[in-house]
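Structure first, commentary second.
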Amino acid sequence: MKIALIQINPVIGAFDANLNKILDNLESARAAGCRLAVFPELPLCGYPPRDLLERSSFLEAHDRALAQLVQRVHGIGCVLGVLERRRGPGKPLYNSAFLMDEGKVLYRVRKQLLPTYDVFDECRYFEPGSASLPFSFQGKIIGLSVCEDIWQEPGKYPIDPVATFFDHDPEPDFLINISASPYHHGKLGKRLEVFSSLCRRHRIPLLYVNQVGGQDELIFDGHSLVMDADGKVRAAGRGFAEDIIIVDSDDWRPQVDRPEPEDSTGQVLEALTLGLRDYMGKIGFHRAVIGLSGGIDSAVTAAIACRALGADNVVCLALPSPYTSKMSIDDARALADNLGCGFEILPIAKAMHAFTDTLALLFSGMPEDVTEQNLQARIRGTLLMAYSNKLGHLLLSTGNKSEMAVGYCTLYGDMNGGLAVLADVPKIMVYELARLINGNGKVIPERIITRPPSAELKPDQLDQDDLPPYEVLDPLLQGYLEEFLGVEELVARGFERSVVCDVIGRIKRNEYKRRQAPIGLKVTSKAFGYGRRYPIAQGFRE
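Here it is in structure tokens:
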């Protein structure tokens, strides 16, 4: 039996568009001789719909689209995720997978393991399903599951939905899993590890279909695959793009060979590009504006924006102060020339004088401090937002994860914007991205990459005057934020106790600031934002 694995990029709540995309791909699969087509988790409504699930009008629109789809499925089986209504006590919905053909629903399975961690909150909306049986289709016995139900690791859940498939006779010939599994750096390797272990343990092939596309801060990478009973990848879908994989269940040989996906900085670049493009496109923005400082963060942000949107749709503004070096202005101009995007210079000295003159009476007798430095950032933020407001460009914030973690950023200044492209990218990885972007030619001037980072808010300022070296800070942040290590564990790793305590203190003190930051694209296992919910007012000390 020829089977099509179809990874699509839905838009949440765009039921007509999503339905048409499913039908078009279904027809392509049928024309290619496939007898079964498999789509991701919840492609009719898009994932994650979050509190839209609490609106009856949303559920009714989903049900209408589902009814149309069922009526139009003929001559090819279709597996996809759906919202299934339920009655009685508990939540009003199941997160289900349906098999449909010849205008009917032939089989349904309900997701049993509802992820409620990090960015997932499915227990808020769904009732867990009960154990399901394999089903027969076109002479094959198939075990069907939804996303988390195959992410079975020791001690993670009290039940194993896949294991129950093998408690019955006949056992399945292969497994199908439909998913909406978001990307982060390292996720591909983990996914392959879990799936390979499952296939080898049960001696069974797996067909895995994943959603693709950006949705708010989340980026779904696709990378659908077919894995054999030995845990080897036999067919792989593209990463960060829609794709169809066609295989034959007799030998699992794909029509198109693609290499097995690997975690890399290149994957991060692809993720950020897709996340930016889809975020802007899905909310109705087509052009972006960026404050270009001549530093590494704004340079990488601008390069990614041009990759995602096209250089004609990106404008960069340099906003020099008296502390901005000629080198920074020259580098910013050279970068914009290399990218082919718009570029303007808007000096802020007059605005600085206007602010300081206005505040002179209030600040009389007080020495200058970080307040005056932050005024520069806030002037820039105001001017950039004015440009955004007047011309309809989305302002992209350029701060990185390392700075956001310790509060090395200015609220209502450089934190202004509608999307923070690098908010989950540690500083060291920003440099890796810059090198990668320059792999096919010098896009980012070398001096931007090699010069010491500086906010240039006062004479001779360097980041390292206020922060530990990024070679120390970034791994410390990873240990604390992503691995949940405490003070003693971090000290045991070789970090100085005073540095550990200082960094953790900064993270906690700046929670209020991050809560007001623009949404940031998630590319690590623990990003600031929806998946990290810490109180602002707290007295806990480690």
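First residue of the sequence shown: 399, per my numbering; consecutive thereafter. Just so you know, even glycine gets a beta-carbon here, dropped at the ideal spot from N, CA and C.
(request) Jot down the residue ranges of each uninterrupted beta strand (DSSP E) in the region 735-765, minimum 3 residues, whole runs only, in chain order. (result) If we require 3 residues or more, the beta strand (DSSP E) runs fully inside the region 735-765 come out as 740-743.
(request) Under 6 Å Cβ to Cβ from residue 888, same chain only, skipping five residues before and after it: list those, please. (result) For the purposes of this step, residue 888 is taken as residue 490 along the sequence shown, with counting starting at 1. Residues of the same chain with a CB within less than 6 Å of the CB of residue 888, apart from the 5 flanking positions on each side, are 877 and 898 in chain order.
(message) Rounded to whole angstroms, what is the Cα-Cα separation between residue 572 and residue 581?
(response) Locating residue 572 in the sequence shown gives position 174, counting from the first residue. Locating residue 581 in the sequence shown gives position 183, counting from the first residue. About 25 Å.
(message) Please return the same chain residues whose Cβ sits closer than 8 Å to the Cβ of residue 547, not counting the five positions on each side in sequence.
(response) Numbered from its first residue, the sequence shown carries residue 547 at position 149. The residues are 509, 510, 511, 559, 560 and 575.
(request) Tell me whether the beta-carbon of residue 813 lies closer than 8 Å to the beta-carbon of residue 915. (result) Numbered from 1 along the sequence shown, position 415 holds the residue referred to as residue 813. Numbered from 1 along the sequence shown, position 517 holds the residue referred to as residue 915. In this structure, residue 813 sits near residue 915, with a CB-CB distance shorter than 8 Å.
(request) Give the straight-line distance between the Cα atoms of residue 472 and residue 609, rounded to the nearest whole angstrom. (result) Your numbering for residue 472 matches position 74 in the sequence shown. Your numbering for residue 609 matches position 211 in the sequence shown. Near 24 Å, if we compare the C-alpha coordinates of residue 609 and residue 472.
(request) Examine the Cβ distances between the region 718-729 and the region 741-754 and report whether three or more of them are shorter than 8 Å. (result) Touching, yes.
(request) State the DSSP-derived secondary structure class of residue 587, mapped to helix, strand or coil. (result) Here residue 587 refers to the residue found at position 189 when the sequence shown is read from its first residue. Of the three classes helix, strand and coil, the one that applies to residue 587 here is helix, per DSSP.
(request) May I ask which residues mark the beginning and end of the alpha helix (DSSP H) holding residue 678? (result) For this step, residue 678 is matched to residue 280 along the sequence shown. Element bounds for residue 678: 663-681.
(request) Measuring alpha carbon to alpha carbon, tell me which of 404, 939, 928 and 757 ends up nearest residue 514. (result) For the purposes of this step, residue 514 is taken as residue 116 along the sequence shown, with counting starting at 1. Per the Cα distances, 928.
(request) Could you spell out where the beta strand (DSSP E) holding residue 641 opens and where it closes? (result) Taking the first residue of the sequence shown as position 1, residue 641 is located at position 243. Boundaries of the beta strand (DSSP E) around residue 641: 641-646.
(request) Could you check if residue 724 is buried or exposed, using at least 16 other CB atoms within 10 Å of its CB as the buried criterion? (result) For the purposes of this step, residue 724 is taken as residue 326 along the sequence shown, with counting starting at 1. Residue 724 should be labelled exposed.
(message) Could you check whether the region 786-794 touches the region 661-669, counting it as contact only if at least three pairs of C-beta atoms, one from each stretch, sit closer than 8 Å?
(response) Verdict: no, contact absent.
(request) Give, in chain order, every unbroken run of the beta strand (DSSP E) that is at least 3 residues long and sits entirely within the region 514-575. (result) Runs found: 533-535 and 538-544.
(request) Mind checking which residues open and close the alpha helix (DSSP H) that includes residue 940? (result) Along the sequence shown, one-based indexing puts residue 940 at 542. For residue 940, there is no enclosing alpha helix (DSSP H), as DSSP marks it with neither H nor E.
(request) Return the first residue and the last residue of the beta strand (DSSP E) that residue 507 is part of. (result) Counting from one through the sequence shown, the residue named residue 507 turns up at place 109. That run of the beta strand (DSSP E) goes 502-508.
(request) Kindly provide the ranges of any alpha helix (DSSP H) runs that are 4 or more residues long and lie completely inside the region 762-813, ordered along the chain. (result) Note on the region 762-813: whole alpha helix (DSSP H) runs with a minimum of 4 residues are 768-789 and 799-804, in chain order.
(message) Helix, strand or coil, according to DSSP, for residue 704 in the structure here?
(response) Reading the sequence shown from its first residue, position 306 is the one you call residue 704. The answer is helix: DSSP assigns residue 704 an H, G or I state.
(message) Measuring CB atoms only, is the region 588-600 touching the region 632-651, in the sense that at least three cross pairs come out at less than 8 Å?
(response) Not touching, per the Cβ criterion.
(message) What does the alpha-carbon distance come out to for the pair residue 586 and residue 660?
(response) Counting from one through the sequence shown, the residue named residue 586 turns up at place 188. Counting from one through the sequence shown, the residue named residue 660 turns up at place 262. C-alpha separation (whole angstroms): 7 Å.
(message) Going by DSSP, what residue range makes up the alpha helix (DSSP H) through residue 418?
(response) Stepping through the sequence shown from its first residue, residue 418 is reached at position 20. Segment 413-429, the alpha helix (DSSP H) holding residue 418.
(message) Using the Cβ count rule (16 or more neighbours within 10 Å means buried), how would you classify residue 920?
(response) Within the sequence shown, numbered from 1, the residue matching residue 920 stands at position 522. By the neighbour-count rule (16 or more Cβ atoms within 10 Å), residue 920 is buried.
(message) Please report the distance separating the alpha-carbon of residue 401 from that of residue 604.
(response) Here residue 401 refers to the residue found at position 3 when the sequence shown is read from its first residue. Here residue 604 refers to the residue found at position 206 when the sequence shown is read from its first residue. The C-alpha of residue 401 lies about 12 Å from the C-alpha of residue 604.
(request) Give me the Cα-Cα distance between residue 708 and residue 940, rounded to the nearest whole angstrom. (result) For the purposes of this step, residue 708 is identified with residue 310 of the sequence shown, where counting begins at 1. For the purposes of this step, residue 940 is identified with residue 542 of the sequence shown, where counting begins at 1. One alpha carbon belongs to residue 708, the other to residue 940, and they sit about 47 Å apart.
(request) Output the boundary residues of the beta strand (DSSP E) element that contains residue 402. (result) Here residue 402 refers to the residue found at position 4 of the sequence shown. Under the DSSP assignment, residue 402 falls in the beta strand (DSSP E) whose first and last residues are 400-405.
(message) Rounded to whole angstroms, what is the Cα-Cα separation between residue 504 and residue 924?
(response) If you number the sequence shown from 1, residue 504 lands on position 106. If you number the sequence shown from 1, residue 924 lands on position 526. Between the C-alpha atoms of residue 504 and residue 924 there is a straight-line separation of about 40 Å.
(request) Could you name the residues of the same chain whose beta carbon sits closer than 8 Å to that of residue 902, not counting the 5 residues immediately before and after it, in chain order? (result) The residue you call residue 902 lines up with position 504 of the sequence shown. Cβ within range, chain order: 878, 885 and 940.
(request) Have a look at the DSSP bridge pairing and note the partners of residue 477. (result) Looking up residue 477 in the sequence shown gives position 79. Paired residue(s): 436 and 497.
(message) Distance cutoff 8 Å, beta carbons only. Does residue 590 sit that close to anything in chain C?
(response) You won't find chain C in this structure, because it holds only one protein chain.
(message) If the criterion is Cβ atoms closer than 8 Å, does the pair residue 624 and residue 650 meet it?
(response) Position 226 of the sequence shown, counted from the first residue, corresponds to residue 624. Position 252 of the sequence shown, counted from the first residue, corresponds to residue 650. In this structure, residue 650 lies closer than 8 Å to residue 624 by Cβ.
(request) Only counting runs of 4 or more residues, tell me where the alpha helix (DSSP H) segments fall wholly within the region 896-940, in order along the chain. (result) Those alpha helix (DSSP H) runs which fall completely within the region 896-940 and span 4+ residues are 909-912.
(message) Measuring only the C-alpha atoms, how far is residue 626 from residue 590?
(response) For the purposes of this step, residue 626 is taken as the residue at position 228 of the sequence shown. For the purposes of this step, residue 590 is taken as the residue at position 192 of the sequence shown. Near 12 Å, if we compare the C-alpha coordinates of residue 590 and residue 626.
(request) Mind checking who residue 872 pairs with in its DSSP beta bridge? (result) By 1-based counting over the sequence shown, the position of residue 872 is 474. Per DSSP, none; premise fails for residue 872.
(message) Taking 8 Å as the threshold (C-beta atoms), are residue 824 and residue 900 in contact?
(response) Translated into the one-based positions of the sequence shown, residue 900 becomes position 502. Translated into the one-based positions of the sequence shown, residue 824 becomes position 426. No, these two residues do not count as a Cβ contact at 8 Å.
(message) Distance check for residue 563 and residue 806, CA to CA, integer angstroms please.
(response) One-based indexing of the sequence shown puts residue 806 at position 408. One-based indexing of the sequence shown puts residue 563 at position 165. Taking the CA atoms as reference points, residue 806 sits about 52 Å from residue 563.
(message) Measuring only the C-alpha atoms, how far is residue 474 from residue 437?
(response) As a first step, residue 474 must be located in the sequence shown, where it is residue number 76. As a first step, residue 437 must be located in the sequence shown, where it is residue number 39. Straight-line Cα distance between these residues: approximately 13 Å.
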